[in-house]
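Asks:
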Amino acid sequence: MAALQTEPAKLESVPVADAPRPRRRRFSLTHWWFTGPATVLFVAFFAYPLAASLYQSFTADQDGATVFVGLRQYRRMFQDPVLAESLVNTALLLVIQVPVMIGLALVLAGVLNASWLRFRGGWRLVYFLPAVTTLVAYSVVFRVLLKTDGGMVNQLLDGIGIGAVDWLNNATWARISLVLSITWRWTGYNAVILLAGLQAIGREQYEAASIDGAGAVTTFVRVIVPQLRPVILFCSITSTIGTLQLFDENYVLTRGGPDNATMTPVLYLYKVGFDQMDFGYAAAIAWVVVLLIGLISLIQFRFLGRGSR
Amino acid sequence: MSPRILGRAGAYLVLLAGAVVSLVPFYWMAVAATHDTADLFRSPPPFMPGGALMDNLSRLQSEHHFGRVVANSLGVAVVYTVLSSLISAMCGYGLAKYRFRGRGVLLGVVLATMMIPMQVLLVPLFQMMANLGWTDTYQAVILPFLANAFGIFLMRQAFLAFPDELIESARIDGAGDLRIFYQVVLPGVRPQLGALVIFTFTSQWNSFIWPLLMLNTEEKFTVPIALNQMIGLSHVDYSGLMLGSFAATLPIMVVFFVFQRQFVAGLLGGAVKG
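Each protein sequence line maps, in turn, to chains A and B.
Quick note, this note's numbering runs 21 ahead of the 1-based positions in the first sequence.
Quick note, this note's numbering runs 1264 ahead of the 1-based positions in the second sequence.
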């Protein structure tokens, strides 16, 4: 009884004006109506498999039984030439493809942002189109365009006297094909993001620079690009993550070949896990990919994020 | 001619070259879908539509159940989009407008799922589905990725900007929590919801690695999986492949042309905010 009597007094003692938000409902569980489904799904299909995969990376299959082997799966990686090759391929993409693509996107965005440009919306549309294509479909199209005998690109090269190239069966050219197809798909996407960033920079900055006698290119490089740093950072981090997770493109284009020339860590872990059924090793590779993504993102953040804000 | 005019002409030339590179694969995909495979690799390659479209279509249908495959893709994408968008919107609303114990943890989990690549989950999820006996079913394709972190975050940001006063006055009028959500709050964030729906549909329509692992029966394939299988055949039906690729790209292109603004907003996400 005493408890019942004190409760109303407690409630009354809270001045209405004092409540910062009218929606503060301490004892209510109503929020579960809204957050419940997602929470259950996260626990079942994210938290549990995440923990399972971490555990799995310390285990191996021996004679049909799963046994704990400590760091053995991680140590295996140091003697795995295919994994090494996949990491080299990824590093090449990160060092060559990503900067070239973002540079191209930056140039495109700069031109698309020019005050005198006509049909800006139309250009933007055309450049964004590749990013809309179904990944598998565009890889298929590139496979056909780059076909060695009679593919359109080779016919063109033949026509101008350069001669046919064995795009998908030669290690170097297969890598170049992969670079070309990724660049085709994602340059416009990055350009549109960078353009949105450019449009947030006021026109008066261009005018001020032009009054000071700077040309269009100088203005762009010296005045505009530095202000665009956070957006460039966003583009390079998403491209880096995309590169480290590369699977669809090289799986469809070359199946990782020839001789693992276009192998990537994720395609490799897919093969280890689902072709060789070596789940422990696949999990360990996956965690190394996670660590690499975290590490490289952090480095980029430090490097490019410096000075902004 | 002044250097300025020359500069502009040069810039237009660069843009035009880029646009051609951007568009040629699309154009060629459409053209190739209307030719025989033999025609595709003759010299010079065809640049105008041919008359083999119906042949290619009926071959795709008889050999790869293509009508069924497209229907599968549409069905999976629509069901996934409706459920996932709803779950994301609800969770985003709960995170934005309710104060409860564990809210910070939930938000942290949402952000973490955005940073952790799904490849880490592949093996355990695969085993889980196998244990449940769900391999080769659509619930195995749809369920694991229903709670979409990006969607939840997008909707949370949208709901944070929604005025509390409107919710409060609906409550005074006697509306319950769920009714407030469906009739007051959800219509108020229609643009963001539109962006979410488009993003969700596109990502499921394009989804490759997970359906590839889950679906084994040809009749159950989605379009990307069917295309992938066609590449692996010993005798590749190139014109059929191009028609299939065209069919895979067409719905997304239509969505893109109709909802351009929301589409870009959805893909860009939080890229350009600060």
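Cβ coordinates follow ideal geometry from the N, Cα and C atoms, glycine included.
Just so it is clear, the structure is predicted and the values come from calculations on it, not from any experiment.
(1) Which one or two residues does DSSP pair with residue 87(A) in a beta bridge?
(2) Name the two residues that bound the continuous alpha helix (DSSP H) containing residue 1433(B).
(3) Below 8 Å on the Cβ atoms is my contact criterion, and I expect residue 94(A) with residue 79(A) to pass it. Report the Cβ-Cβ distance as a whole number of Å.
(4) Against residue 1272(B), what residues of chain A qualify as contacts under a CB-to-CB distance less than 7 Å, listed in chain order?
(5) Check the Cβ of residue 1358(B) against every Cβ in chain A and list those closer than 7 Å, keeping chain order.
(6) Just list the alpha helix (DSSP H) runs in the region 90-114 of chain A, keeping only unbroken ones of 4 residues or longer that don't cross its boundaries, in chain order.
(7) Please list, in chain order, the chain A residues whose beta carbon lies closer than 9 Å to that of residue 1344(B).
(8) Measure the Cβ-Cβ separation of residue 1388(B) and residue 73(A) and say whether it is below 7 Å.
(9) Assuming contact is defined by CB atoms lying nearer than 7 Å, are residue 1373(B) and residue 300(A) in contact in what I supplied?
(10) With burial defined as no fewer than 16 other Cβ atoms inside 10 Å of the residue's Cβ, what is the status of residue 50(A): buried or exposed?
(11) Classify residue 1282(B): buried if its beta carbon has 16 or more other beta carbons within 10 angstroms, exposed otherwise.
(12) With a threshold of 7 Å between beta-carbons, can residue 148(A) be considered close to chain B, or not?
(13) Among 295(A), 194(A) and 287(A), which residue has its Cα nearest to the Cα of residue 164(A)?
(14) On the three-pair Cβ rule with 8 Å, is the region 1276-1292 of chain B touching the region 138-152 of chain A?
(15) Under 8 Å, with one C-beta from each stretch per pair, do the region 287-296 of chain A and the region 1285-1292 of chain B reach the 3-pair mark?
(16) CA-CA distance, residue 21(A) and residue 1381(B)?
(17) Tell me whether residue 1513(B) sits in a helix, a strand or coil according to DSSP, three-state version.
(18) For residue 1509(B), return the contacting residues in chain A, with the cut-off set at a CB-CB distance below 7 Å.
(19) Flag residue 144(A) as yes if its beta-carbon sits less than 7 Å from any beta-carbon of chain B, otherwise no.
(20) Would you say residue 151(A) faces chain B, with C-beta separation under 7 Å as the test?
(21) Please list, in chain order, all residues of the same chain as residue 1325(B) whose beta carbon is under 7 Å from its beta carbon, the five residues on each side excluded.
(22) Specify whether the region 307-319 of chain A and the region 1399-1412 of chain B touch according to this definition: at least 3 beta carbon pairs, one from each stretch, less than 8 Å apart.
(23) Would you mind telling me which residues of chain A sit closer than 8 Å to residue 1525(B), beta carbon to beta carbon, in chain order?
(24) Is there a Cβ of chain B sitting closer than 7 Å to that of residue 84(A), yes or no?
(25) Comparing C-alpha positions only, which one of 1422(B), 1348(B), 1439(B) and 1493(B) sits nearest to residue 273(A)?
(26) Nearest-angstrom Cα distance between residue 218(A) and residue 253(A)?
(27) Helix or strand or just coil, what does DSSP make of residue 1404(B)?
(28) Kindly say whether residue 62(A), judged by its beta-carbon, lies nearer than 7 Å to any beta-carbon of chain B.
(29) Any beta-carbon of chain B closer than 7 Å to the one on residue 173(A)?
(30) Would you report the Cα separation of residue 46(A) and residue 52(A), rounded to the nearest angstrom?
Replies: Result, derived from the coordinates:
(1) 82(A)
(2) First-last of the alpha helix (DSSP H) with residue 1433(B): 1428-1436.
(3) 7 Å
(4) 137
(5) 52, 55 and 56
(6) Runs found: 93-97 and 102-113.
(7) Correct list: empty, because the minimum Cβ distance to chain A is about 13 Å.
(8) yes
(9) no
(10) exposed
(11) buried
(12) yes
(13) Of the candidates 295(A), 194(A) and 287(A), the one whose C-alpha sits nearest the C-alpha of residue 164(A) is 194(A).
(14) yes
(15) no
(16) Any answer about residue 21(A) is impossible in this case: the structure gives chain A only from 22 up to 330.
(17) In the structure shown, residue 1513(B) adopts helical secondary structure according to DSSP, grouped into three states.
(18) 158, 161 and 162
(19) Residue 144(A) counts as touching chain B.
(20) yes
(21) 1331
(22) no
(23) By Cβ distance, chain A contributes nothing, its closest Cβ being about 10 Å from residue 1525(B), past 8 Å.
(24) no
(25) Out of 1422(B), 1348(B), 1439(B) and 1493(B), 1493(B) has the C-alpha closest to the C-alpha of residue 273(A).
(26) Roughly 9 Å between the two C-alpha positions.
(27) In this structure, residue 1404(B) counts as helix in the three-state DSSP scheme.
(28) yes
(29) yes
(30) The predicted position of residue 46(A) is uncertain, since its pLDDT is 48 and thus under 50; no value can be drawn from it.
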